[in-house]
Amino acid sequence: MKTHVLLILTLFLTSFYINGCGDTISGELAENQPPSTNLTVERINRGSDFRLSSQIHISWFGNDPDGFVAGFEYAINDTSEGNFTFTTKTDSVFILPITSGQQTDDVLFKVRAVDDKGLADPVGASLVYPIVNSTPQVSINSNQSPPDTLFSVSSFGWSFSDPDGLLNLESTEIAINDTVNGWTEIPFTEDDDGQLFISLEVDNTIAGTRDAQVFLGRSYSTLQINGENLTIPVNVGARNTFYVRAVDAAGSASEIDSLSWYIKEQTSNTLFLNDFSGPSSSNRQQFHLNLLQQNGISPDIWIINDGEVSQDKVALSSAFPTVIDPTLIKTLSKWDHVYWISNDLDRNITYAQEILDEFFDNGGTSFVNIPMKNLDRGDPVFNFLPVDSIQTGQFLILEDSLVTSTDVSISNTLKVESGSFALSGVFPLKGVNGSKSLYQANFVRRTATGGVRPYNGYQFVTIENAEGNLIYFSLDLSNLNGNNNISDMIQEVVIDRLGFKQ
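Convert by adding 326 to the 1-based position in the sequence shown; the result is the number in my numbering.
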């Protein structure tokens with residue numbers, strides 16, 4: 327029985343195989359069907375007074391009946407075949423272009439799906455967007471603008487924006503004094519995030535109209551246009567006005583922001599910094615200026631004695647530019663010598679290490695006359711002044727006492743003026759390693775009962791740093807002219823030793 331069934335089954339399968347091999351697949355190959363495309367928003371119903379911003383989020387989708395959608399192509403206004411851009415995205419934010427000089431426009435946007443075989447939707451989806459241009463905005467940053475008067479370097483920072491998006495901005499432009507023919511483009515990138523900062527550096531040794539070179543950013547990078555350093559004319563020895571504006575892709579300009587400042591002429595290689603606060607400031611300034619003028623120097627003067635010491639330190643003088651690096655640092659580096667007076671070590675001398683960094687790198691020398699006070703050794707002023715130790719306690723220097731040289735190259739002996747009583751609030755100093763003491767005084771200690779007793783420790787009052795480019799005199803010089811030879815001391819210490827010159 328089993329053999330009979332197997333025989334029948336074998337004959338059947340054999341017959342099926344033979345007959346089947348003679349058959350073929352028939353019919354026509356189906357053509358690839360194009361995909362279809364839809365915009366998420368198919369129409370816009372707005373009156374002429376209710377137009378859209380030119381920055382618009384547009385989304386779309388597609389379907390393919392016999393495959394899948396591989397991507398999309400879109401075009402704006404010009405929908406000729408070569409003007410489409412491919413993307414795999416189904417949405418994006420566009421800055422729709424407005425015809426230059428117009429405030430409103432109707433912009434055509436068309437998108438078409440492309441299938442996996444590269445066939446594009448022959449119809450696509452399109453929509454006309456009624457848009458209106460928004461005016462860009464610009465404002466000068468008050469914390470990045472010059473004070474009323476500056477010397478060779480002036481810096482400006484400004485913020486700019488556009489309601490239609492930063493990508494809709496074409497340029498930011500500045501002008502100095504001339505807004506008719508003087509607009510100059512300052513380039514920006516998306517990375518600037520709506521902030522720009524520039525500096526103008528001018529040779530201010532001669533009054534009149536001079537070309538200032540433009541530097542970009544805090545890095546003080548040279549700005550070039552067509553391979554040439556960008557310059558803008560400014561007036562030295564006169565007031566100037568800085569203007570800034572932003573211009574968008576439609577040619578619409580923001581309101582202009584502006585400020586004025588004075589560019590002071592540099593007349594000397596020596597800068598006199600007056601940080602002596604209070605009613606005696608003018609007298610102290612004239613005393614020191616007389617000393618310099620008797621030695622042939624009429625320095626440039628910068629008065630920085632505004633502000634009061636609150637808590638620990640005075641804030642950096644508002645007479646200085648608000649931006650230390652690069653503006654103030656670059657400005658101070660233009661002098662060869664700095665003569666600095668003050669009546670308090672908690673004033674602007676605190677910032678000297680930072681602001682005079684490039685000045686010393688360029689070979690500058692400095693003389694500092696500020697009375698010592700009982701400060702903690704960790705005070706930042708000692709990063710600048712070459713002082714290692716301050717003797718603590720109450721000390722006096724009696725009238726008619728001598729202040730004597732401790733260096734053989736200095737011959738002048740100073741004397742506390744008669745009638746000045748004893749000098750109080752004074753401290754013996756010891757210099758840091760490598761420094762050199764130049765003068766010492768005859769200190770005595772004050773007792774609890776008001777009397778005095780001898781003091782036998784170190785008695786130095788004038789220290790020259792190891793580099794030989796900074797001398798610190800810790801007694802008020804106006805009290806030490808008992809021998810009428812302070813001017814001679816200035817000749818030896820400031821002119822001969824530090825190399826000060828007109």
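Glycine included, each C-beta is placed from N, C-alpha and C at the ideal position.
Let me check one thing: in DSSP terms, what residues is residue i bridge-paired to?
i              : result
leucine 378    : Ile457
aspartate 601  : Ser668
aspartate 488  : Answer is none; aspartate 488 lacks a bridge partner.
arginine 571   : Glu499
glycine 757    : Val713
serine 385     : Asp417
histidine 614  : Histidine 614 is not bridged to any residue.
threonine 596  : His663
alanine 446    : Val440
leucine 701    : According to DSSP, which records beta bridges pairwise, leucine 701 is partnered with nothing at all.
tryptophan 509 : In the DSSP output, where bridge partners are listed per residue, tryptophan 509 has none listed.
threonine 477  : The question names threonine, but residue 477 in the sequence shown is phenylalanine. Partner(s): none; phenylalanine 477 has no beta bridge.
Decide if residue i is buried, meaning its Cβ has at least 16 other Cβ atoms within 10 Å, or exposed.
i              : result
lysine 415     : exposed
valine 734     : exposed
proline 360    : buried
alanine 501    : buried
leucine 492    : buried
isoleucine 623 : buried
asparagine 700 : exposed
cysteine 347   : Residue placement at cysteine 347 cannot be trusted, given a pLDDT of 49 that sits under 50; what the coordinates show is reported in the next sentence. Flag for cysteine 347 reads exposed.
arginine 571   : buried
serine 644     : exposed
arginine 703   : exposed
valine 820     : buried
On a Cα-Cα basis, can you pick out the residue from the options that is closest to residue i?
i              : options                           : result
valine 707     : Asn759, Ile675, Ser804 and Ala641 : Ile675
serine 727     : Gly808, Ser481, Ile630 and Phe435 : Gly808
leucine 365    : Asn358, Asn371, Glu357 and Ile384 : Ile384
asparagine 595 : Val454, Thr691 and Gly777         : Thr691
alanine 575    : Gly444, Leu711, Ser750 and Thr461 : Thr461
isoleucine 627 : Val664, Val649 and Ser659         : Val664
asparagine 371 : Leu796, Thr425 and Leu453         : Leu453
aspartate 474  : Gly563, Pro780 and Ser418         : Gly563
glutamine 611  : Ser362, Asn600 and Leu618         : Asn600
alanine 533    : Glu793, Phe376, Tyr588 and Pro712 : Tyr588
aspartate 390  : Lys436, Lys443 and Tyr400         : Lys443
tyrosine 784   : Leu755, Glu527 and Leu658         : Leu755
valine 560     : Glu511, Thr363 and Asp529         : Asp529
alanine 840    : Met815, Leu434 and Val540         : Past the edges of the chain, shown from 327 to 828, lies residue 840, and the structure says nothing about it.
valine 787     : Gly776, Asn795 and Leu801         : Leu801
isoleucine 789 : Ser731, Thr739 and Ile582         : Ser731
Enumerate in chain order the residues of its own chain whose CB-to-CB distance from residue i is below 7 Å, with the five nearest sequence positions on each side excluded.
i                 : result
glycine 397       : Phe412, Thr413, Thr414 and Val440
leucine 542       : Ile524 and Leu549
glutamine 817     : Asn621
alanine 538       : Leu526, Glu527, Val528, Thr557, Ile558 and Val560
tryptophan 292    : Residue 292 falls outside the range modelled here, since the chain spans only 327 to 828, and no answer is possible.
methionine 544    : As written in the sequence, residue 544 is arginine, which differs from the methionine given in the question. Closer than 7 Å at Cβ, skipping near neighbours: Phe523, Asp651 and Pro652.
proline 448       : Pro360
glycine 760       : Ala792
phenylalanine 686 : Asn795
methionine 815    : Asn738 and Leu740
Would you give the residue range spanned by the beta strand (DSSP E) that residue i belongs to?
i              : result
asparagine 695 : 691-695
arginine 438   : 430-441
alanine 538    : 534-542
glutamine 766  : 762-767
aspartate 683  : Careful: aspartate 683 lies outside any beta strand (DSSP E), inside the alpha helix (DSSP H) at 683-687.
isoleucine 558 : 557-562
threonine 657  : Looking at the DSSP string, threonine 657 is not in any beta strand (DSSP E); the run it does join, the alpha helix (DSSP H), is 655-658.
isoleucine 402 : 395-402
glutamate 308  : In the structure displayed, the chain extends from 327 to 828; residue 308 sits before or after that span and is not available.
tyrosine 781   : Here tyrosine 781 belongs to no beta strand (DSSP E), and DSSP marks it neither H nor E.
glutamine 637  : Careful: glutamine 637 lies outside any beta strand (DSSP E) and carries neither H nor E.
Leaving out five residues before and five after residue i in sequence, what residues of the same chain have Cβ atoms less than 6 Å from its Cβ?
i                 : result
leucine 724       : Ala748
proline 695       : Here residue 695 is asparagine; the residue named in the question, proline, does not match the sequence. Counting only Cβ-Cβ distances below 6 Å, and skipping sequence neighbours, we find Ile667, Phe799 and Leu803.
aspartate 490     : Ser379, Ser380, Gln381 and Ser460
lysine 741        : Leu728, Gly808 and Asn809
phenylalanine 646 : Leu654
valine 752        : Phe721 and Ile723
How far does the alpha helix (DSSP H) with residue i in it extend, from its first residue to its last?
i              : result
isoleucine 623 : Where isoleucine 623 is concerned, there is no enclosing alpha helix (DSSP H), given that its DSSP letter is neither H nor E.
serine 813     : 812-816
Take residue i and list the residues in its own chain whose beta-carbon comes closer than 8 Å to its own, dropping the five residues that flank it on each side.
i              : result
asparagine 709 : Gln679
serine 744     : Glu725, Asp726 and Gly808
valine 770     : Phe721, Leu722, Ile723, Leu724, Val778, Arg779, Pro780 and Tyr781
tyrosine 546   : Ser525, Pro652 and Lys656
glutamine 592  : Phe477, Ser478, Asn530, Thr531, Asp626, Lys660 and Trp661
alanine 451    : Thr363, Asn364, Leu365, Glu368, Trp386, Lys436, Val437 and Arg438
arginine 377   : Thr430, Pro456, Ile457 and Val458
Closer than 6 Å to a non-hydrogen atom of the ligand GTP - does that hold for the CB of residue i?
i              : result
isoleucine 716 : Looking for the ligand GTP in the displayed structure turns up nothing, as the structure carries no ligands at all.
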